[in-house]
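In what follows, a structure is listed as structure tokens, so that the remarks can point back to it.
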Amino acid sequence: MAIFHMSFNNISAGKKRSAIASASYRSGEKLYDEREERNYFYPRDVKPETMILVPTNAPSWAKNRERLWNEVERKDRKVNSRYAKEFNIALPIELKNNEQKKLLQEYVQENFVDEGMVADIAIHREHIQNPHAHVMLTNRPFNQDGTWGLKCKTQYVKDAKGRQLYTKSGFKKQRKIWLVDWDKKEKITEWRRNWAIKVNQLLAQKELPDRISEKTLIAQGINEVAMKHVGVNGKQHERKAFNEHVKNYRKMRAKAHNLDTKIGNYEHFEVLKKQLSFSEKHLLSNLSHDLKMFIDLEHLDEKKRMLFNWKNSVLIKNAIGEDITEQLLTISGQEVSLTKANQLLNRVVDRTVRKLYPQISFTNINQAERRELIKETNSEQTIFKGEELTERIVLIRESLIHRKLLTFTKRPYVCWQFLKSQEKSSKEKLSKLLAHHGQTLEDLQPLIRGFLKQYTTKEQTIISNEVKNLRTINEMKKVIRAQYDGVIKATFPQGELDALNMEEKEKLYTVIFYYNPHLKILPLQQAIDFKQQSPVMFSIKEHKQGLNYLLGKGSLASIENDHLKHVLQHESTSQLFLGECREDPQLDQYKVDRLCKQLAKNLQNNEQYRKQQLHAYQPLNYQEVIPRHYLNIVLTATLIEIVYAHDHLTQQQAYKQNNNEWEMTKKQRKHQIKNYHGHRGSHL
Numbered sequence: 006m007a008i009f010h011m012s013f014n015n016i017s018a019g020k021k022r023s024a025i026a027s028a029s030y031r032s033g034e035k036l037y038d039e040r041e042e043r044n045y046f047y048p049r050d051v052k053p054e055t056m057i058l059v060p061t062n063a064p065s066w067a068k069n070r071e072r073l074w075n076e077v078e079r080k081d082r083k084v085n086s087r088y089a090k091e092f093n094i095a096l097p098i099e100l101k102n103n104e105q106k107k108l109l110q111e112y113v114q115e116n117f118v119d120e121g122m123v124a125d126i127a128i129h130r131e132h133i134q135n136p137h138a139h140v141m142l143t144n145r146p147f148n149q150d151g152t153w154g155l156k157c158k159t160q161y162v163k164d165a166k167g168r169q170l171y172t173k174s175g176f177k178k179q180r181k182i183w184l185v186d187w188d189k190k191e192k193i194t195e196w197r198r199n200w201a202i203k204v205n206q207l208l209a210q211k212e213l214p215d216r217i218s219e220k221t222l223i224a225q226g227i228n229e230v231a232m233k234h235v236g237v238n239g240k241q242h243e244r245k246a247f248n249e250h251v252k253n254y255r256k257m258r259a260k261a262h263n264l265d266t267k268i269g270n271y272e273h274f275e276v277l278k279k280q281l282s283f284s285e286k287h288l289l290s291n292l293s294h295d296l297k298m299f300i301d302l303e304h305l306d307e308k309k310r311m312l313f314n315w316k317n318s319v320l321i322k323n324a325i326g327e328d329i330t331e332q333l334l335t336i337s338g339q340e341v342s343l344t345k346a347n348q349l350l351n352r353v354v355d356r357t358v359r360k361l362y363p364q365i366s367f368t369n370i371n372q373a374e375r376r377e378l379i380k381e382t383n384s385e386q387t388i389f390k391g392e393e394l395t396e397r398i399v400l401i402r403e404s405l406i407h408r409k410l411l412t413f414t415k416r417p418y419v420c421w422q423f424l425k426s427q428e429k430s431s432k433e434k435l436s437k438l439l440a441h442h443g444q445t446l447e448d449l450q451p452l453i454r455g456f457l458k459q460y461t462t463k464e465q466t467i468i469s470n471e472v473k474n475l476r477t478i479n480e481m482k483k484v485i486r487a488q489y490d491g492v493i494k495a496t497f498p499q500g501e502l503d504a505l506n507m508e509e510k511e512k513l514y515t516v517i518f519y520y521n522p523h524l525k526i527l528p529l530q531q532a533i534d535f536k537q538q539s540p541v542m543f544s545i546k547e548h549k550q551g552l553n554y555l556l557g558k559g560s561l562a563s564i565e566n567d568h569l570k571h572v573l574q575h576e577s578t579s580q581l582f583l584g585e586c587r588e589d590p591q592l593d594q595y596k597v598d599r600l601c602k603q604l605a606k607n608l609q610n611n612e613q614y615r616k617q618q619l620h621a622y623q624p625l626n627y628q629e630v631i632p633r634h635y636l637n638i639v640l641t642a643t644l645i646e647i648v649y650a651h652d653h654l655t656q657q658q659a660y661k662q663n664n665n666e667w668e669m670t671k672k673q674r675k676h677q678i679k680n681y682h683g684h685r686g687s688h689l
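Using the numbering used here, you'd call the opening residue of the sequence shown number 6 and step up by one each time.
Here it is as structure tokens:
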């Protein structure tokens, strides 16, 4: 995995070190030291990758390693002169050699060379698991004419009247003014942070999970013992042994944490029982036995999610033809017990909130928010007060909305339709209530103080809840719209997305998801070619793997192509995949037909289940389609004009210009022919 390692040190005469010897050791080249009149050469089994990066105002000889460091030593002759600054940096092993090299070059150029330093880089790859680089940097900048500049200057200290001050020994007082900030601690911290950012950006682009940080574990808020960088020096065996001890220690801590969690669950269960009456305790015991779990707020939410997924998987088995009667009876019984347990805990939560937070009005906080508040109160063993309580409730609301959004954006178009139904229902309920008082939804917009005085407390609660729902719906719609627009804009940057409706965006989204997974810009001509001949995205082997997975005979883990994995997990793109399979002459089309029927039935069952679980849910029936037919339906002339608005405008202008030029040429040709015939007649 990628690790962060960057250490700085100075190569100075005060430590009896030589810039020539250091450069020779790192580059593996033979270099001549003019001052000592001797050669330095440190041969290596694996030749390092070397390069020298120079700023724009550096002389041409700065790219010659031997002359560069001889010039440095000739310029700095003091016994304590610092010839160079060097840093050793670990390269991420997840990247290929050329990617590591490019990453390092960009980082050195941006952080050191552009600041005026010459960078002598040597990448060492003797050990596969320890690719690293040594970078030697000049301490002295260059002037605009290519001569060496000053690192610092001396300034004499004077008083307020401009008179020279002296020391007790009679010498003039003076101080050193640094002209570069390369030796400051803050600068080194900045360089370390920039390397971590640069590496993490590249790892994120390549969708790799690892991340690095220049901060210590303590600074990151991680309560762990840090492992040591092994390296290749004489202490590597000691460091390996130390790292093994750390790994064992972490495993023991993880086991202890699991044990603490189990004890905490038991204690939580005991605390919960104190809030229950005798009959409720008896009911809780029975429900806990039925659900086979400790009953608390955390575990009930998890149990609800597990039952939902279980029922979905059972319906899939039913589509394949298995007998699922017993499993459905078990799920149904657990759903009933889960409902009773939730009702019981809701009563306990309400009692607890009234006891611990008497200042909270139940009309201003819903049941889900009350449950989350009690969860946090129990986990932190703290009763929140004043502004802290208000802030905590706001954070809880944001967290609940965020969870809903994550659920919605997995099926954006279906969720958009669902939100529209909810929005319509809320508006109808509000309109009906407001109409009794001779008012409309438009009257709610300004919401002047005292507007709701004429309504009863019950009516005010309904209006308040529905207005909150509408605001939440609008926020969710913004997120779904942003999800569509972000993907479409990446592929069609010149498009006028406001001119597209949601159905058109959904179709485009599916095309991009299937044919352009890396979100590259799609040229106009390529889109036109797509309509004429849809590209085949997967091989015969991948077609067979995908069909096996959809039939329930394989797993996603056995599929190597990540794009195929994503395609198979979405109804819209999986239909395009089946259409592509239908056009594959090497596949048994009878098996494909049988699979399509099973999947259609499976999809119908899933949508029916969702409709039962979610009020106002509208199933979206994805139809199987041949890819080239689908692309012709989606990429119509009108839609292409919208997504290539800028390109079409340019093409139309070019077309008009060509037409004008052709007309002018035509007239000129006619005129020439006419003149030609006239001259011909005169000759006759």
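No residue lacks a Cβ here, since even glycine has one placed at the ideal position from N, Cα and C. Treat the numbers as computed from the prediction; the structure is a model and nothing was measured.
Option in the options with minimal Cα separation from residue i
i: Pro-146; options: Leu-573, Gln-169, Leu-184, Lys-390; result: Leu-184
i: His-129; options: Leu-58, Lys-192, Gly-33, Asn-479; result: Gly-33
i: Arg-40; options: Arg-72, Phe-13, Leu-142; result: Arg-72
i: Glu-471; options: Ile-133, Pro-498, Glu-428; result: Glu-428
i: Arg-633; options: Glu-585, Lys-252, Asn-383; result: Glu-585
i: Val-51; options: Arg-31, Lys-512, Glu-447; result: Arg-31
i: Asn-116; options: Gln-105, Leu-400, Lys-203, Ser-469; result: Lys-203
i: His-10; options: Arg-197, Ala-487, Gln-603, Leu-58; result: Arg-197
i: Asn-144; options: Gln-459, Lys-106, Lys-189; result: Lys-189
i: Cys-601; options: Pro-363, Asn-205, Lys-163, Leu-556; result: Leu-556
i: Lys-536; options: Tyr-520, Ile-526, Ala-504; result: Tyr-520
i: Ile-545; options: Lys-570, Asn-369, Leu-592; result: Leu-592
i: Ala-67; options: Gly-151, Lys-106, Gln-531, Glu-511; result: Gly-151
i: Val-118; options: Leu-333, Asn-62, Asp-215; result: Asn-62
i: Glu-508; options: Gln-422, Lys-166, Ser-560; result: Gln-422
i: Pro-53; options: Ile-98, Asn-85, Val-140; result: Val-140
i: Glu-195; options: Tyr-112, Lys-181, Ala-127, Arg-244; result: Tyr-112
Assumed close pair residue i, residue j - CB separation to whole angstroms, cut-off 8 Å
i: Leu-305; j: Asn-347; result: 6 Å
i: Tyr-649; j: Leu-529; result: 5 Å
i: Ala-24; j: Glu-78; result: 6 Å
i: Ala-7; j: Tyr-88; result: So it is not a contact: roughly 32 Å between Cβ atoms.
i: Leu-207; j: Leu-108; result: 6 Å
i: His-137; j: Ala-201; result: Contact doesn't hold; Cβ gap of about 16 Å is too wide.
i: Thr-382; j: Leu-361; result: 7 Å
i: Ala-127; j: Trp-74; result: Not really, about 13 Å apart at Cβ, beyond 8 Å.
Enclosing beta strand (DSSP E) for residue i [first to last residue]
i: Arg-180; result: 179-183
i: Arg-43; result: 43-45
i: Asp-38; result: 36-38
Residues sharing a beta bridge with residue i, DSSP
i: Phe-147; result: Trp-153
i: Arg-87; result: Ser-17
i: Met-507; result: The partner list for Met-507 (beta bridge, DSSP) is empty, contrary to what the question assumes.
i: Lys-163; result: Gln-169
i: Ser-12; result: Asn-93
i: Lys-158; result: Ile-182
Endpoints, alpha helix (DSSP H) assigned at residue i
i: Thr-55; result: Here Thr-55 belongs to no alpha helix (DSSP H); instead the beta strand (DSSP E) covers 54-58.
i: Glu-739; result: Because the chain is modelled from 6 through 689, residue 739 falls outside the range shown and cannot be assessed.
i: Ile-193; result: 190-210
i: Thr-496; result: 462-496
i: Ala-440; result: 417-440
i: Phe-582; result: 576-587
i: Arg-82; result: Careful: Arg-82 lies outside any alpha helix (DSSP H) and carries neither H nor E.
i: Ile-545; result: 545-555
i: Asn-347; result: 330-361
i: Ile-533; result: 529-537
i: Ser-23; result: Neither: Ser-23 is in no alpha helix (DSSP H) and is coded neither H nor E.
i: His-634; result: 632-639
i: Leu-573; result: 567-573
Checklist entry - Which runs of the alpha helix (DSSP H), 4 residues or longer, sit entirely within the stretch 94-143? => result 102-116
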